[in-house]
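Student: Take this structure first; my questions come after.
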Amino acid sequence: MRTVFVLFDSLNRLALGAYGGTAVETPNFDRFAQRAVTFDKHYVGSLPCMPARRDMHTGRLNFMHRHWGPLEPFDESFAKILSGGGVYSHLISDHLHYFEDGGWGYANAFDSWDFIRGQEYDALKALAAPPVERYRQKFDPRHYPMSPPSNGSMTRGNTDKTSWKRSRAAITHDFLTEEADFPTAKCFAAAFEFLDLNADADDWFLQLECFDPHEPFVAPERFKEAYKSGYNGKILDWPHYEKVSNSSQEIAEIRGNYAALVAMCDEYFGKLLDHFDAHGLWDDTCLILTTDHGFLLSEHEWWGKNRMPYYEEISHIPLMIWHPGHADQSGSRRKNLTQTPDLMPTILEIHNCQVPPSVTGASLKPLLGDDAPVHESLALGMFAGPVCVTDGKYSYFRYPDDLSGENLNLYTLMPTHLSSHFEISELKTSVLAGPFDFTKGAPLLKIKLDPKNTQVGNDGQTLEDCVSALYDLERDPGQTTPVPDEAVIGRLTDRITYHFIQHDAPKELYAHFGLETDREAHQGTAGPGIERAI
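The structure is reproduced here in C-alpha cells:
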C-alpha cells in the first residue's frame, strides 16, 4: 500500500465548498470530496501547531502534560513504526517550526525529509541590514511592528521578538517574484518528484505538508485578483491573535488575503489530483486530506487562535480519505465524531502495522466502509488554556478559576519552548516525577509552569476576558448564545474527567479545573527519590 497524506495548516473547514463554504472557490477540494469519504464531525485534539502534530504522531492527546515541544523519547511515532514495518516514510514540508528548538524529532522520525524555506518568519534570504524604513512604508505597523535596535545589526538576540519575526517575513515578501518561488509551489514540485521517482515502488508513505494557508496570508497576485476588497492602504495580512478593532474594509482585506491563499492551496491540490488521474494512483494509493486547526477571521470578534475559546471555526476541521479498497463509498459522508489522534492508528492499520497500547485514538479505517460510532465525546485543548469537550450536539468550554496557570507543572524529558530552551529559573524548579502510563516506565522532569511561557503568554496575551460557556451546536451552530443548562454542563464535565483519566493526566490538572475523581486506581509506582506525578 502507498499513502499520500496532505496536511495544510490553518485550513478553515467553512472555507471549503464541500463543507458548505461559499466565500472561496474550491473546485479541487470539492472534487476530492466527490471521490473520497468526507468526515463531517472531525475535531482537533491538542493545540496549536506542534501539539497537534504530536497528536498525529502518537495517536493520543498531549495537552494535559506539556505545551508546545518536541517528540519525547518515549513517544510512539507512526513514522518510526512504519519504518520498522518496512514502509518507507518521507516528509516534504515548509513548516518552519519543525526546525526550531520546540519542533525537534518530528521530521527526524521519517526515513527522509525535504525542508522548503520561506514561510512565516523563516526568511528566504539572509539580510544583515534589511531596509526597515522601506518596510515601514509598505507594511501596516499593526501587523508589522518594526523596532530595530539602537546600534548594531538587527539580530534575533538584540531585537524585539515580534519585530524580528515580522521583519523576516517582510524580507521574504521582497523575494517572492515568481509563483514558482512560493513555498507551496515548491512543496508540490517536490511531491511530484517523489511520486515520479517512486512510481514503481510499493510500501511507502508521503507526508506533503504545506504551512499555507497559515498567516501571513501571502499569495500570488493572480489568486488575490478574485478577492480584491478595494482597500488601498499598507499591507494587512498577518493579524495578531486579539479582539477585532479593524474597519469593515480592513476586515475584508484580511479575509480576502486569506481567501486568496486558500484558492492557491486548492489549485495546487488539484494538480495532485490530476497526477493521480494521469498515473492511475487511485488504484493503489490512499490519499488523506486534513489540517491541524482552523482560524478565526473576525468571527466572534476575534482574530486567530490560542487565546479565545475554541469555537467551531478553530476546532471543527476538515478530513477526507480516499482508500482504493472502498471505492464504492466515493462521495459518502460520515456523521460520527472523529479527532486528530485517530489519524495515527488509521495510517498504521492502512499499512498493516501494529498499533501500540499507548494509543487512545481509534482507527478510522473501518469507517471507510460504513459509518459507526467511534467516540462518545471528544476532549480538546491547549496546555494552560481552557479545556473543551463536545459530544457532537453540545460544545462546552471550561475555564479554570485561576487563569494564571501558576498551579500547573510541565512534564517532559525535552525541556524546550517554541524557539528556546527552558530558562535556568524554570529548570531550577524541576524534580523527577512519574512515570505516567504512556512513558514506558521512564520518569519525567516535573517543572513549575512559568505563565509567560505558555502559548498564550508567548503571544503576550492572557485569558482574563474569557469565561466558561456551553453551546447547543444543533440549534446554534454559530455559537452565538450560551446555554445555561446545568444538567448538560454536569454531564460534559464528567466527560472531561473521563478523558483526563484516559490520558493519565496529572493530579493538579483536576484541581485546576475544579474536578474531583478517585485517582487511586490509576496511581503508578514511583522509584526511590522520585515524586509521584499522579
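With the working numbering as the guide, the letters of the sequence shown map in order to residues 81 to 614. Where is the CB? At the ideal position from N, CA and C, for every residue including glycine.
DSSP on residue 180, reduced to helix/strand/coil?
Tutor: Three-state result, residue 180: coil.
Student: Taking 6 Å as the limit between beta carbons, can you name the residues of its chain near residue 551, skipping five residues before and five after?
Tutor: 475, 559.
Student: State the DSSP-derived secondary structure class of residue 134, mapped to helix, strand or coil.
Tutor: In this structure, residue 134 counts as helix in the three-state DSSP scheme.
Student: I need the boundaries of the alpha helix (DSSP H) containing residue 253, first residue and last residue.
Tutor: 241-255 is the extent of the alpha helix (DSSP H) around residue 253.
Student: List the residues that DSSP assigns as beta-bridge partners of residue 492.
Tutor: DSSP lists 525 as partners of residue 492.
Student: Let me know the secondary structure DSSP gives residue 173 once reduced to three states.
Tutor: Strand, per DSSP.
Student: Have a look at 282, 336, 149 and flag the residue whose alpha-carbon is nearest the alpha-carbon of residue 302.
Tutor: The option with the nearest alpha carbon to residue 302 is 336.
Student: Go through its chain and collect everything with a Cβ distance to residue 238's Cβ below 8 Å, but skip five positions before and after it.
Tutor: Closer than 8 Å at the Cβ level, and outside the excluded window around residue 238, lie 229, 232.
Student: Less than 8 Å between the beta carbons of residue 280 and residue 166, yes or no?
Tutor: Going by C-beta atoms, residue 280 is not nearer than 8 Å to residue 166.
Student: So residue 213 is in the alpha helix (DSSP H); what residue range does that whole segment cover?
Tutor: Looking at the DSSP string, the run of the alpha helix (DSSP H) that includes residue 213 is 212-218.
Student: Just the C-alpha distance for residue 180 and residue 187, rounded to the nearest angstrom, thanks.
Tutor: Approximately 11 Å, taken between the alpha carbons.
Student: By how many angstroms is the C-alpha of residue 98 removed from the C-alpha of residue 347?
Tutor: Looking at the two C-alpha atoms, the distance is approximately 15 Å.
Student: Using the Cβ count rule (16 or more neighbours within 10 Å means buried), how would you classify residue 561?
Tutor: Burial call: exposed.
Student: Give the straight-line distance between the Cα atoms of residue 246 and residue 563, rounded to the nearest whole angstrom.
Tutor: Approximately 40 Å, taken between the alpha carbons.
Student: At 4 residues or longer, what runs of the alpha helix (DSSP H) sit wholly inside the stretch 312-375?
Tutor: With a minimum length of 4 residues, the continuous alpha helix (DSSP H) runs that stay inside the stretch 312-375 are 328-359.
Student: Output needed for residue 210: all residues of its chain with C-beta closer than 8 Å, excluding positions within five of it in sequence on either side, in chain order.
Tutor: Answer for residue 210: 234, 247, 250, 251, listed in chain order.
Student: In whole angstroms, what is the alpha-carbon distance linking residue 256 and residue 433?
Tutor: Their backbone Cα atoms lie some 42 Å apart in a straight line.
Student: Give me the Cα-Cα distance between residue 454 and residue 419, rounded to the nearest whole angstrom.
Tutor: Cα to Cα, residue 454 sits roughly 10 Å from residue 419.
Student: Between residue 405 and residue 459, what straight-line distance do the alpha-carbon atoms span, to the nearest angstrom?
Tutor: Roughly 31 Å separates the two Cα atoms.
Student: Out of 485, 196, 383, point me to the one whose CA is closest to residue 267's CA.
Tutor: Per the Cα distances, 196.
Student: Quick one: residues in its chain with C-beta nearer than 6 Å to the C-beta of residue 442, no 5 flanking neighbours on either side, listed in chain order?
Tutor: These residues qualify, in order along the chain: 422, 454.
Student: Within a Cβ cutoff of 7 Å, which residues of the same chain sit near residue 207, ignoring the five residues on either side of it in sequence?
Tutor: Excluding sequence neighbours, residue 207 sits near 251.
Student: Check the C-beta distance from residue 428 over to residue 400 and give it rounded, since I have them as a contact under 8 Å.
Tutor: Their Cβ separation, rounded to whole angstroms, is 19 Å, which puts residue 428 and residue 400 out of contact at 8 Å.
Student: DSSP three-state call for residue 397: helix, strand or coil?
Tutor: Of the three classes helix, strand and coil, the one that applies to residue 397 here is coil, per DSSP.
Student: Going by other Cβ atoms of all chains shown within 10 Å of its Cβ, with 16 needed for buried, is residue 508 buried or exposed?
Tutor: Burial call: exposed.
Student: Would residue 102 be called buried (16 or more neighbouring beta carbons within 10 Å of its own) or exposed?
Tutor: Exposed.
Student: Give me the Cα-Cα distance between residue 240 and residue 503, rounded to the nearest whole angstrom.
Tutor: Straight-line Cα distance between these residues: approximately 18 Å.
Student: Report the option in 264, 146, 537, 410 whose CA atom is closest to the CA atom of residue 198.
Tutor: Residue 264 is the option with its Cα nearest to residue 198.
Student: Assuming residue 494 and residue 156 make a contact with CB atoms under 8 Å, what is their CB distance in whole Å?
Tutor: Rounded, the Cβ-Cβ distance is 15 Å, inconsistent with contact.
Student: Quick one: what's got a C-beta closer than 6 Å to residue 607's C-beta in the same chain, skipping five residues either side?
Tutor: With a pLDDT of 39 at residue 607, under the threshold of 50, the modelled position of that residue is not reliable, and the figure given next carries that caveat. Taken in chain order, the list of residues that qualify is empty.
Student: Using the three-state DSSP reduction, which class does residue 419 fall into: helix, strand or coil?
Tutor: Of the three classes helix, strand and coil, the one that applies to residue 419 here is strand, per DSSP.
Student: With respect to the beta strand (DSSP E) encompassing residue 287, which residues constitute its N-terminal and C-terminal limits?
Tutor: Run containing residue 287: 284-290, per the beta strand (DSSP E) assignment.
Student: Sorted by chain position, which residues of the same chain lie with C-beta nearer than 6 Å to residue 340's C-beta, five sequence neighbours on each side aside?
Tutor: Excluding residues within five positions, the ones whose Cβ falls inside 6 Å are 299, 303, 304, 307.
Student: If you follow the beta strand (DSSP E) that residue 459 is part of, which residue opens it and which one closes it?
Tutor: From DSSP, the beta strand (DSSP E) with residue 459 extends over 458-461.
Student: Where does residue 617 fall in DSSP's three states?
Tutor: No answer is possible for residue 617: it lies beyond the span of the chain, which begins at 81 and ends at 614.
Student: Using beta-carbon positions only, say whether residue 383 and residue 324 come within less than 8 Å of one another.
Tutor: Yes, they are a contact pair.
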